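Chemist: Questions regarding the structure given below will be posed in turn.
Number of protein chains: 2
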Amino acid sequence: MQRAIIYGGRGGLGTVLVSHFKAKGWWICSVDLQPNEEANENVLVDPKLDWVLQDALVLTEMEKKVGTEKVDAIINMAGGWAGGAADSKDFIPNCDLMWKQSVWSSTIAASLASKYLKAGGLVLLPGAKPALAGTPGMIGYGMAKAAVHQLVKSLACEKSGLPADSCTLALLPITLDTPMNRKWMPKADHSTWTSLDYVAELALKWSTGLDRPSSGSLVQLVTAGGATSLICE
Amino acid sequence: MQRAIIYGGRGGLGTVLVSHFKAKGWWICSVDLQPNEEANENVLVDPKLDWVLQDALVLTEMEKKVGTEKVDAIINMAGGWAGGAADSKDFIPNCDLMWKQSVWSSTIAASLASKYLKAGGLVLLPGAKPALAGTPGMIGYGMAKAAVHQLVKSLACEKSGLPADSCTLALLPITLDTPMNRKWMPKADHSTWTSLDYVAELALKWSTGLDRPSSGSLVQLVTAGGATSLICE
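As structure tokens, this is what we get:
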């Protein structure tokens, strides 16, 4: 049986991924604040812990769930969005939040991969296309995603601490077609939004080893007229 | 009198900058854990505070030091170095340390700039050339510096919250010629290391408005045979 750890497995995108992988017969361990009942196993994150302790707890709990057999893929789809320019009262609080959501989760996923990923396995992390340039209205978001992009480049190098022949990729959506985005942007052009099903199928394909871009790629998801194409860099 | 805030003004590079600016008649406020006695004013950072409280404290204290006259330049030279691949026991602790040293200080410098920088002023932040690619043996360092690089791109955009016509740059050294680096790498080729005096003179020139690269530039310092050239991107 093929197996994956899905970080953020209770989130909007994570829930769709868990269902999609389960429907294809995968064993799934979700890592999130709350359990995903559809997953085979759950590791719960304690948001009151600091970065170091959170990493230690997730690693220890995962050892009990994974057992002796390593996993084929570790996918992080945790993270949210918050804005803030440098003169906003939310600037630093939102930098802090974005860092915790995207970067803590991605580094702990990397930590998990160094211990529990099979040789040749996949690590998939949450990037964002806007962070390839400046993001003045959402400075903390851009910094956190830029850090994830550079983490992907590091993990793809020799001696990064990941198993041999593993593949690390970042997924860079522009806008995902989620209920929350529909609620907040009802008048936007939804034909340019990327569907969660598309992302889930792409993650599954890469997890099984099919059509993977080269390790270290930042994979942009560009949707137009309801069709999505990939741009790798 | 021209005035600058130097964040990390008690550090190896910061101390040299304070002396250099003072020698040219500048008023300097140092921000650091310890006071720099040569500075006109000092704002002390409390390392026990979290990101949000540290920002609030520095902003409040700065208001007392700066008074009603804004400053010409805000320079952050805080930050250190720590290694760690994904399988290292130091991985997450060093990610945390690097984030606090480089990114907390740079965002608080941006916060200060939104309030206390003159129109047309300079913000100079601490990048690193290696972080333009993967850094597998020093993952936390690379992520923090990549975040600073992206912050510079954001601050250079319209509506970033900085004053009109301000210029934000990142300085990307490869290796600085510091006593610590001499101690740890005694056999390295020191003719490729960039001198602190060179950095101080460059920062002073840009602070006075001379020969500034365009805002948003990541300025690499490439030293060979003791001579340094700049590569902007």
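Chain order of the listed sequences is A and B. Under the numbering used here, the first residue of the first sequence carries the number 1, and numbering increases by one thereafter. Under the numbering used here, the first residue of the second sequence carries the number 1001, and numbering increases by one thereafter. For every residue, glycine included, the Cβ atom is placed at its ideal position computed from N, Cα and C. These numbers come from a predicted model, not from an experiment.
1. Please classify residue 279 (chain A): does DSSP put it in a helix, a strand, or coil?
2. Answer with yes or no whether the minimum CB distance from residue 1051 (chain B) to chain A is below 8 Å.
3. Please state if the CB of residue 50 (chain A) and the CB of residue 1052 (chain B) are separated by a distance shorter than 8 Å.
4. At a CB-CB cut-off below 7 Å, which residues of chain B make contact with residue 60 (chain A)?
5. Which residues, in chain order, does the segment 1088-1101 of chain B contribute to contact with chain A at a C-beta distance below 8 Å?
6. Looking at chain D, is there any beta carbon in it that lies within less than 8 Å of the beta carbon of residue 142 (chain A)?
7. For the alpha helix (DSSP H) that residue 107 (chain A) lies in, which residues bound it at each end?
8. List, in order along the chain, the chain B residues whose C-beta lies closer than 7 Å to that of residue 153 (chain A)?
9. Do the CB positions of residue 118 (chain A) and residue 72 (chain A) come within less than 8 Å of each other?
10. Using 8 Å for Cβ pairs, my map puts residue 1146 (chain B) next to residue 146 (chain A). What's the rounded Cβ distance?
11. Can you give me the C-alpha to C-alpha distance between residue 1028 (chain B) and residue 1013 (chain B), rounded to a whole angstrom?
12. Here's the rule I'm using: 16 or more other beta-carbon atoms within 10 Å means buried, otherwise exposed. How should residue 60 (chain A) be labelled?
13. Count the other C-beta atoms from every protein chain shown that fall within 10 angstroms of the C-beta of residue 231 (chain A), then say buried if there are 16 or more, exposed otherwise.
14. Output yes or no for whether 8 Å exceeds the beta carbon distance between residue 1207 (chain B) and residue 86 (chain A).
15. Are the C-beta atoms of residue 1150 (chain B) and some chain A residue less than 8 Å apart?
16. Buried or exposed for residue 1153 (chain B), please, with buried defined as at least 16 other CB atoms from any protein chain shown within 10 angstroms of its CB.
17. Below 9 Å on C-beta distance, what does residue 1158 (chain B) contact in chain A?
18. Between the beta-carbon of residue 24 (chain A) and the beta-carbon of residue 38 (chain A), is there less than 8 Å?
19. With 16 as the cutoff for other CB atoms within 10 Å, does residue 1173 (chain B) come out buried or exposed?
20. In the structure shown, what three-state DSSP assignment does residue 97 (chain A) receive?
21. How many Å lie between residue 1192 (chain B) and residue 216 (chain A) at the Cα?
22. So what does residue 1229 (chain B) bridge to, in DSSP terms?
23. Output the boundary residues of the alpha helix (DSSP H) element that contains residue 60 (chain A).
24. If I follow the unbroken beta strand (DSSP E) through residue 23 (chain A), where does it start and stop?
Modeler: Here's the rundown:
1. Examination of residue 279 (chain A) is not possible in this model, given that chain A is present from 1 through 233 alone.
2. Residue contact check for residue 1051 (chain B) against chain A: a CB pair falls below 8 Å.
3. No, these two residues do not count as a Cβ contact at 8 Å.
4. Listed by position along chain B, the residues whose Cβ is nearer than 7 Å to that of residue 60 (chain A) form an empty set, because the closest Cβ is around 13 Å away.
5. Flagged, chain order: 1088, 1091, 1092, 1093, 1095, 1096, 1099.
6. This model lacks chain D altogether, as its protein chains are A and B.
7. Per DSSP, the unbroken alpha helix (DSSP H) holding residue 107 (chain A) starts and ends at 105-116.
8. In chain order: 1133, 1134.
9. Yes, they are a contact pair.
10. Confirmed, about 5 Å.
11. Distance from the CA of residue 1028 (chain B) to the CA of residue 1013 (chain B), rounded to the nearest whole angstrom, comes to 15 Å.
12. Exposed is the call here.
13. Result: exposed.
14. The answer is no: Cβ separation not under 8 Å.
15. Output row for residue 1150 (chain B): interface = yes.
16. Burial of residue 1153 (chain B) is indicated by the presence of at least 16 other C-beta atoms within 10 angstroms of its C-beta.
17. Contact annotation for residue 1158 (chain B) against chain A: 136 [CB-CB distance below 9 Å, chain order].
18. Contact flag unset, no.
19. By the C-beta density criterion, residue 1173 (chain B) is buried, having at least 16 other C-beta atoms within 10 angstroms.
20. Residue 97 (chain A): helix per DSSP, three-state reduction.
21. Roughly 29 Å separates the two Cα atoms.
22. Answer is B:1222, bridged to residue 1229 (chain B).
23. From DSSP, the alpha helix (DSSP H) with residue 60 (chain A) extends over 51-66.
24. Boundaries around residue 23 (chain A) are those of the alpha helix (DSSP H), 12-23, since no beta strand (DSSP E) includes it.
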